[in-house]
Amino acid sequence: MKLHCDTDDPGREGRESSAGDLTEIARTVRLDILSMIRGAGSGHPGGSFSAVEILVELYWEVLRIHPEDPAWAARDRFVLSKGHACPALYSVLARRGYFDPSQLCTFRKLGSRLQGHPNMEHLPGLDASTGSLGQGLSISCGMALGLRLDGLDSRVFCLLGDGELQEGSVWESAMSASQFGLNRLTAIVDRNRVQLDDRVSAVMEIEPLADKWLAFGWDVIVADGHSFASMKKAFEHCAGSPFPSVIIADTLKGRGVSFMEGSAAWHGRCPDDSEYAAAVAEIEGGLT
Amino acid sequence: MTAPGLKPSREGYVEGLLEAGRRNPRVVVVEGDVARSIGSYAFREEFPGRYFNLGISEQDMMGEAAGLALAGFIPFAATYGVFASGRAWDQIRTSICYMNLAVRIGGAHGGLSVGPDGATHQALEDIALMRVLPRMKVLVPADSNQTRASVLASLETDGPVYIRFGRNPVPQLYPPDAVVRFGRGNLLREGTDALIVACGALVAIAVDAAESLSMVGISAGVLDMVSIKPLDGDLLLEQTRGVSCVVTAEDHQAAGGLFGAVAEYLCRHRPLPVSPVAVQDSFGTSGSPGEVMEMFGLTSEAVAAEVLRLLRRG
Chain A
188 MKLHCDTDDP GREGRESSAG DLTEIARTVR LDILSMIRGA GSGHPGGSFS AVEILVELYW
248 EVLRIHPEDP AWAARDRFVL SKGHACPALY SVLARRGYFD PSQLCTFRKL GSRLQGHPNM
308 EHLPGLDAST GSLGQGLSIS CGMALGLRLD GLDSRVFCLL GDGELQEGSV WESAMSASQF
368 GLNRLTAIVD RNRVQLDDRV SAVMEIEPLA DKWLAFGWDV IVADGHSFAS MKKAFEHCAG
428 SPFPSVIIAD TLKGRGVSFM EGSAAWHGRC PDDSEYAAAV AEIEGGLT
Chain B
55 MTAPGLKPSR EGYVEGLLEA GRRNPRVVVV EGDVARSIGS YAFREEFPGR YFNLGISEQD
115 MMGEAAGLAL AGFIPFAATY GVFASGRAWD QIRTSICYMN LAVRIGGAHG GLSVGPDGAT
175 HQALEDIALM RVLPRMKVLV PADSNQTRAS VLASLETDGP VYIRFGRNPV PQLYPPDAVV
235 RFGRGNLLRE GTDALIVACG ALVAIAVDAA ESLSMVGISA GVLDMVSIKP LDGDLLLEQT
295 RGVSCVVTAE DHQAAGGLFG AVAEYLCRHR PLPVSPVAVQ DSFGTSGSPG EVMEMFGLTS
355 EAVAAEVLRL LRRG
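Right under this line is the structure:
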């Protein structure tokens, strides 16, 4: 089924992402996120914005993938464990060539392949369906085990939220990744320090995060989650690790829109007309 | 000591696993520190590279099974049924069923068969929990040969499967070459007055009940509904033609299990009095399996009495 939609989207016509300019791609992704959530009337802008540079770096610089052959057996895998950030992933997949970006405006609408949380069954490029927090790392471990059994050197990447680390199942899988020596597995924690209700530290503190992962037998890299150079270096480091690796990516929830930044209120809220216009202006104005 | 003619169904699970592993190199096993109890250590000995013990972490076990299935393997994930179905239900729902993955879940020590361990370890809700999940298929074999056949049948279908089997020795009802097919029950005895539909450990008990009913001139059929989902509606319709009541028998809560499945089907397609012999909204307790079954009224006498009660009422 194909959906067409008519969300008004001033300024989007004719914008082309330049493959060589990750900053420009990130800007496009943020505008996509805004218009998708605006068109849907709901969604999660804060945690989508914090993950933009991580995803752009992964899909343009790191992942071994062929968008024209999404089921390629030897591809690297990516699991969005924090499934609510799917507007960012959908935009990245579309801009990377998995499907037509004109479909982005169907997000969260009846009949759309772009479900409110990722459903891999109908959308090319998704390696797992997610949305119930705390499950993606287990799936990623299982994938890594399976790929290793098949003698493939594919890497598996899993993006988690920092609030998500409150789920005990994450630490079950952290143990098994270490036990089974899954050195082709890289977890990325989008440490934006804010969850639905409040700051992570106010709801249920998860720090000291680096110490926790180290204690579970992981290689830990702390990086700037909004710096392509920093993330690139972190991903390169992980590639050579004999252990499973985690990149703790320091980010800002709502990054790119000043009134959303660091705010729990914007975890899952749709901007109104004036907020939308202000946000578009800020992103187009050159932040990031 | 196991009496002659008695064998634990879990032994059939292990036999089936080994056979599945030999037939299909994509079969892998993930378990949660109960391999010695279930007996599936034998799979690790034969296929060491294809066996993963995840430790006491059922949620991770189900998620890893999902990941292995996404990588093209056929994982058998087993632990005690109470934990397999309950502890990781959301993982089964979201990471397995929602993606329609070929994960086979072994629910060991089903029902009251784990007697002395008591209520915490007696899976009395697992059929209900698994049956409501879209795409999940549910098999409840009655003996070890049927359990082995259930494991092998699961290789021939897509999507997730839950296989529930017991711990304690039960009578062998089926030959070693028994076959299980999804959506197919087995008619063990024809009857004209009543039909008893049973699963798992209650099948042998239902056969005994039908035999004792025949002594008092009542003809009760016995249908082994090994495939609870998909249910064998055709066989149910065929075997309820002419009978005046149906009694279901299972070592599970009356709500949501075999009784639920049969009653849901019959109320739409052939409204008849249907009554459960099952656990009635309570937790189990410690005792030998036989003692506990008797305490909860899961006996051939109770099944026969329920048939008589419905017939007299009708």
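Chains as they are written, first to last, in this note's numbering: chain A, 188 to 475; chain B, 55 to 368. The C-beta atom is built at its ideal place from N, Cα and C for all residues, glycine as well. All figures in this text were calculated on a predicted structure; none of them were measured in a lab.
Worksheet entry | Short Cβ contact (8 Å threshold) for A/Phe403 with A/Ser365 | On the first sequence, position 216 is the one that residue 403 of chain A refers to. On the first sequence, position 178 is the one that residue 365 of chain A refers to. Yes. Within cutoff.
Discussion item. With DSSP as the reference, identify every bridge partner of B/Pro223, one or two as the case may be.
Written reply: Position 169 of the second sequence holds residue 223 of chain B. BP columns for B/Pro223 point to B/Pro62.
Worksheet item: In angstroms, rounded to a whole number, what distance separates the CA positions of B/Ala74 and B/Ala131?
Response: Reading the second sequence from its first residue, position 20 is the one you call residue 74 of chain B. Reading the second sequence from its first residue, position 77 is the one you call residue 131 of chain B. So the two alpha carbons sit approximately 14 Å from each other.
Discussion item. Please report the distance separating the alpha-carbon of B/Asp180 from that of B/Val136.
Written reply: As a first step, residue 180 of chain B is located in the second sequence; it is residue number 126 there, counting from the start. As a first step, residue 136 of chain B is located in the second sequence; it is residue number 82 there, counting from the start. Spanning the two alpha carbons is a distance of roughly 6 Å.
Worksheet entry | Residue nearest to B/Gly254 in terms of C-alpha spacing, selected from B/Gly275, B/Ala177, B/Asp231 | Along the second sequence, one-based indexing puts residue 254 of chain B at 200. With distances taken between Cα atoms, B/Gly254 lies closest to B/Ala177.
Item to complete: Could you pull the start and end residues of the alpha helix (DSSP H) that B/His323 belongs to?
Response: Counting from 1 along the second sequence, the entry for residue 323 of chain B is found at position 269. Taken as a continuous stretch (DSSP letters only), the alpha helix (DSSP H) holding B/His323 covers 312-323.
Worksheet entry | 8 Å Cβ cutoff met for A/Val266 and A/Asp314 | Numbered from 1 along the first sequence, position 79 holds the residue referred to as residue 266 of chain A. Numbered from 1 along the first sequence, position 127 holds the residue referred to as residue 314 of chain A. The answer is yes: Cβ separation under 8 Å.
Fill in: Endpoints, beta strand (DSSP E) assigned at B/Glu118
Within the second sequence, residue 118 of chain B is the residue found at index 64, counting from 1. Run containing B/Glu118: none in the beta strand (DSSP E); it sits in the alpha helix (DSSP H), 112-124.
Worksheet entry | Opening and closing residue of the beta strand (DSSP E) in which B/Asn240 lies | Counted from its first residue, the second sequence places residue 240 of chain B at position 186. It spans 240-243 - the beta strand (DSSP E) in which B/Asn240 sits, taken as one unbroken run.
Worksheet item: Does the beta carbon of B/Phe451 sit closer than 8 Å to a beta carbon anywhere in chain A?
Response: Lying outside 55 to 368, the shown extent of chain B, residue 451 of chain B is not represented and no answer is given.
Fill in: Inter-stretch contact (C-beta, 8 Å, three-pair minimum) for the segment 99-119 of chain B and the segment 300-315 of chain A
no
Worksheet entry | Nonlocal neighbours in the same chain, by C-beta distance under 7 Å from B/Arg343, ignoring five residues either side | For the purposes of this step, residue 343 of chain B is taken as residue 289 along the second sequence, with counting starting at 1. Note that residue 343 of chain B is Pro in the sequence shown, not Arg. Within the same chain, B/Pro343 has close Cβ partners Leu166, Ser167, Gly169, Asn222.
Worksheet item: Should B/Tyr67 be listed as close to the ligand GDP, given that the test is whether its C-beta is under 7 Å from any heavy atom?
Response: The ligand GDP is not part of this structure, which contains no ligands at all.
Discussion item. Does any residue of chain B have a CB that is nearer than 8 Å to the CB of A/Ala465?
Written reply: For this step, residue 465 of chain A is matched to residue 278 along the first sequence. Chain B contact via Cβ: absent.
Discussion item. Can you look up A/Lys296 in the DSSP assignment and give me helix, strand or coil?
Written reply: Start at 1 with the first residue of the first sequence, and residue 296 of chain A comes out as number 109. DSSP places A/Lys296 in coil when its eight states are reduced to three.
Practice prompt. Determine the extent of the beta strand (DSSP E) in which A/Gly348 is found, giving its start and end residues.
Written response: Locating residue 348 of chain A in the first sequence gives position 161, where the first residue counts as 1. Looking at the DSSP string, the run of the beta strand (DSSP E) that includes A/Gly348 is 343-348.
Worksheet item: With a cut-off of 8 Å, does the C-beta of B/Met190 fall near any C-beta of chain A?
Response: The residue given as residue 190 of chain B occupies position 136 in the second sequence. No, B/Met190 lies away from the interface with chain A (no Cβ there is under 8 Å from its Cβ).
Worksheet item: Can you find at least 3 beta carbon pairs, one from the segment 423-442 of chain A and one from the segment 224-242 of chain A, that sit closer than 8 Å?
Response: yes
Discussion item. Which of the three DSSP states is assigned to B/His306 in this structure?
Written reply: Numbered from its first residue, the second sequence carries residue 306 of chain B at position 252. In this structure, B/His306 counts as strand in the three-state DSSP scheme.
Worksheet entry | Segment limits, alpha helix (DSSP H) that includes A/Lys419 | Indexing the first sequence from 1 puts residue 419 of chain A at position 232. Taken as a continuous stretch (DSSP letters only), the alpha helix (DSSP H) holding A/Lys419 covers 415-426.
Worksheet item: Which residues share a DSSP beta bridge with B/Val81?
Response: Taking the second sequence and counting its residues from 1, the one referred to as residue 81 of chain B is at position 27. Looking at the DSSP assignment, B/Val81 forms a beta bridge with B/Ile128.
Fill in: CB contact flag (A/Leu209, A/Trp247, <8 Å)
Counted from its first residue, the first sequence places residue 209 of chain A at position 22. Counted from its first residue, the first sequence places residue 247 of chain A at position 60. Yes, the pair counts as a contact, with Cβ atoms nearer than the cut-off.
Practice prompt. Run the CB neighbour count on A/Pro232, radius 10 Å, all protein chains shown included, and call it buried at 16 or more, exposed below.
Written response: For the purposes of this step, residue 232 of chain A is identified with residue 45 of the first sequence, where counting begins at 1. A/Pro232 comes out buried.
Worksheet item: What whole-angstrom Cβ distance do A/Ala397 and A/Val409 have, given they're in contact under 8 Å?
Response: Along the first sequence, one-based indexing puts residue 397 of chain A at 210. Along the first sequence, one-based indexing puts residue 409 of chain A at 222. With 8 Å as the limit, A/Ala397 and A/Val409 qualify as a contact, their Cβ atoms being about 6 Å apart.
Worksheet item: Under a CB-based cut-off of 8 Å, is B/Ser149 close to chain A?
Response: Here residue 149 of chain B is taken as the residue at index 95 of the second sequence, counted from 1. Yes, its Cβ sits closer than 8 Å to a Cβ of chain A.
Worksheet item: Nearest chain A C-beta to B/Gly103 closer than 8 Å, yes or no?
Response: Numbered from 1 along the second sequence, position 49 holds the residue referred to as residue 103 of chain B. Judged by the 8 Å Cβ criterion, B/Gly103 is in contact with chain A.
Practice prompt. Report back the beta-carbon spacing between B/Val333 and B/Ala308 to the nearest angstrom; my notes put them in contact at under 8 Å.
Written response: Numbered from its first residue, the second sequence carries residue 333 of chain B at position 279. Numbered from its first residue, the second sequence carries residue 308 of chain B at position 254. Indeed they touch by this definition, with Cβ atoms about 7 Å apart.
Worksheet item: Would a check of beta-carbon distances place B/Met153 closer than 8 Å to chain A?
Response: On the second sequence, position 99 is the one that residue 153 of chain B refers to. With 8 Å as the cut-off, B/Met153 counts as an interface residue toward chain A.
Worksheet item: What does A/Glu308 reach in chain C if we use C-beta pairs closer than 9 Å?
Response: Reference to chain C is not applicable here, since the protein chains of this structure are A and B.
Worksheet item: Quick one: any contact between the segment 281-296 of chain A and the segment 330-342 of chain A, if contact means 3 or more CB pairs under 8 Å?
Response: no
Worksheet item: Shorter than 8 Å from the beta carbon of B/Leu71 to some beta carbon of chain A?
Response: Translated into positions along the second sequence, residue 71 of chain B becomes position 17. It does not; no Cβ of chain A falls within 8 Å.
Item to complete: Compute the Euclidean distance between the alpha carbons of B/Ala125 and B/Ala258, then round it to the nearest angstrom.
Response: Numbered from 1 along the second sequence, position 71 holds the residue referred to as residue 125 of chain B. Numbered from 1 along the second sequence, position 204 holds the residue referred to as residue 258 of chain B. About 40 Å.
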